[in-house]
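Below: the structure, in structure tokens.
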Amino acid sequence: MPDPLALHYTVRVVDSALQIVEVDLTVRDNHASSVQLAFSSNAIQTDAPVSRFRIRSATGSSGQPLEILRENGIWRIDGSDEMQIHYEVHLSEGQNKGVYASELLSSCDPGGARFLGSDLFLFPLHAEAGSLDVDYELPPSWELVHPFQTAPTSASYPDLRSLYFSVVAAGEYRTLSRTIGGSELVLAARGDFRFGDPDLMETIARIAQEEIEFFGGSMRPRYVFVVNPHPRGDDRQRLHYFGLHFVASMAILLDPRTDRLSLQAEPAQIIAHEFFHNWNGELIRQEDYEMNWFIEGVTTFYSYKFCQDARMLDGGSLVRELNERYDNHYVSNPKRGEITLAEAGKTVLQNQDTTQLLYSGGMLAALALDIEIGNRTDHQKTLNDIMLDLASRATRDAEWHLTREELRASLADATGTEFEPWLQSYIYGLEPLELPDYIRDVSR
3 MPDPLALHYT
13 VRVVDSALQI
23 VEVDLTVRDN
33 HASSVQLAFS
43 SNAIQTDAPV
53 SRFRIRSATG
63 SSGQPLEILR
73 ENGIWRIDGS
83 DEMQIHYEVH
93 LSEGQNKGVY
103 ASELLSSCDP
113 GGARFLGSDL
123 FLFPLHAEAG
133 SLDVDYELPP
143 SWELVHPFQT
153 APTSASYPDL
163 RSLYFSVVAA
173 GEYRTLSRTI
183 GGSELVLAAR
193 GDFRFGDPDL
203 METIARIAQE
213 EIEFFGGSMR
223 PRYVFVVNPH
233 PRGDDRQRLH
243 YFGLHFVASM
253 AILLDPRTDR
263 LSLQAEPAQI
273 IAHEFFHNWN
283 GELIRQEDYE
293 MNWFIEGVTT
303 FYSYKFCQDA
313 RMLDGGSLVR
323 ELNERYDNHY
333 VSNPKRGEIT
343 LAEAGKTVLQ
353 NQDTTQLLYS
363 GGMLAALALD
373 IEIGNRTDHQ
383 KTLNDIMLDL
393 ASRATRDAEW
403 HLTREELRAS
413 LADATGTEFE
423 PWLQSYIYGL
433 EPLELPDYIR
443 DVSR
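3 is the number of the first residue of the sequence shown in my numbering; add one for each residue after it.
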């Protein structure tokens, strides 16, 4: 691996109405003969459109023009030591309206912006960053809310992954903060809702308290929750609430009609789900999308658990929701019986049927796994023990990843039994999952 590079970005909003952003990238300490620039995919669009990024110029340390070559979505710029690269980002370019929720990440308008790093930043391929700083030149009255903020309009990222997997709020956002378990939780909200910002902050804080206590500590010193109205909140055929977790930041989209009481229903579950990903997904990181059923399904299972623990969800409501998801999102799902849960994880968020199969089916698998662990250990062990064991393994070894074999080993260690046949039937096969009778019977 070459020596680490020093990277400095300047992000400039030049036309918020047309969603055009300019970026200046300074590359220092480059000892190779060229730099290759690439973009990262995100959780929704596996291939960002090349046309979104338009490199306008590249110069060397003496101001001399450098040759720019592009092939297969990668730019090569010949030069060494230090170079200045100027490019434009057209955020609206290449949005595929047919891809589920593809327009729900980065957005920009005259009042503010929500930026996902993978939509903004080109980065050197096959390189490490020794330093990684970003300055933001924003329109008047705009303010920055950033998980790695070092000054009012500056940030310093710990690594390249954090650069392109973080959400940033800029503009006319309202902010509140709370310290829980040694971590600062920052709410950045924009838009009109029927609930108040303090109500949402209290919801976030109560859930974060439960999850931090479960794992015995927080992952990062600062988390940012970027909350906007759902652009399709009034469409009954679509989800009214949506969330994604990115490193130390979360993008949350809520139906504007949500009132204070409704916050403790689905919005609370979305928040619990995304915050739990700080451990299951961020710390416990999968090797590939084959384990997405565990990352998303188990996280959905625990989102219900922690909403119950925070007294935002009672037993009767939980039973109704489990039955509704089972009937509407799993049993009647046209993808069930066609693809396994492991296969669904590889195409999650590409369409609604696959997404609902993964999340609801994965949640059912987590519930079934929890019951199976209890039955095999005379109720001395639960899925909690597996989660804490996996978190411990990931903490001890930064290179550790969750795989089918690692999960099987954790289950075997906890129960003294072999779970491979169970996994083969329900996760990697098409054996249908059932809700336990005690849950089904209550609803009948």
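All residues carry an ideal CB built from backbone N, CA and C; glycine is no exception.
By Cβ distance, which residues of its chain are closer than 8 Å to residue i, with the 5 residues on each side in sequence left out?
i      : result
Phe278 : Glu213, Thr301, Tyr304, Ser305, Phe308
Phe150 : Ala157, Ser158, Tyr159, Pro160, Ser164, Ser168, Arg224, Ala250
Leu68  : Ala60, Thr61, Gly62, Ile79, Asp80, Gly81, Met85
Leu140 : Val15, Leu146, Thr155, Ala172, Gly173
Gly183 : Ala210, Gln211, Ile214, Glu215, Gly219, Ser220
Is residue i helix, strand or coil when you go by DSSP?
i      : result
Val101 : Caution is warranted here: a pLDDT of 47 is assigned to Val101, below 50, making its placement in the model unreliable, and no coordinate value can be reported.
Glu436 : coil
Gly75  : coil
Ile57  : strand
Pro4   : coil
Pro67  : strand
Ile388 : helix
Phe278 : helix
Leu107 : coil
Glu268 : helix
Glu90  : strand
Gly283 : coil
Tyr11  : strand
Ile441 : helix
Gln426 : helix
Ser185 : strand
Ser36  : strand
Does the beta-carbon distance from residue i to residue j come in below 7 Å?
i      : j      : result
Leu360 : Ile441 : no
Asp26  : Ala8   : no
Pro112 : Ala19  : yes
Tyr166 : Gly119 : yes
Trp402 : Arg395 : yes
Thr152 : Leu146 : no
Glu284 : Met252 : no
Ile286 : Leu404 : yes
Asp121 : His10  : no
His242 : Asp257 : yes
Trp295 : Gly347 : yes
Going by CA-CA distance only, name the one from the options that's closest to residue i.
i      : options                        : result
Phe125 : Phe117, Ile76, Asp137, Glu84   : Ile76
Ala416 : Glu436, Met389, Ala400         : Met389
Leu343 : Gln354, Val333, Ala367         : Ala367
Asn330 : Leu320, Asp372, Ser362         : Ser362
Gln426 : Arg406, Phe117, Gly219         : Arg406
Pro269 : Ile209, Gln21, Gly376          : Ile209
Ala34  : Val23, Glu130, Arg58, Tyr89    : Glu130
Arg196 : Leu265, Val91, Leu413, His403  : Leu265
Arg58  : Ser43, Ser36, Val23, Val333    : Val23
Leu178 : Gly339, Ser109, Leu162, Leu187 : Leu187
Pro438 : Glu374, Leu432, Ile429         : Glu374
Enumerate in chain order the residues of its own chain whose CB-to-CB distance from residue i is below 6 Å, with the five nearest sequence positions on each side excluded.
i      : result
Ser94  : Gln21
Asp372 : Thr384, Leu385
Asn280 : Met221
Below 7 Å CB to CB, which residues in the same chain sit around residue i once its five sequence neighbours on both sides are set aside?
i      : result
Ala393 : Phe217, Trp281, Leu285, Ile286
Leu369 : Phe303
(request) Would you mind listing the alpha helix (DSSP H) stretches within the region 192–257 that are 4+ residues and don't spill past its ends, in chain order? (result) 199–217
(request) Mind listing, in chain order, the continuous alpha helix (DSSP H) runs of no fewer than 4 residues lying wholly within the region 120–181? (result) 162–166
(request) Please specify which runs of the alpha helix (DSSP H), each continuous and at least 4 residues long, are wholly inside the region 290–377, giving them in chain order. (result) 301–311, 317–327, 343–346
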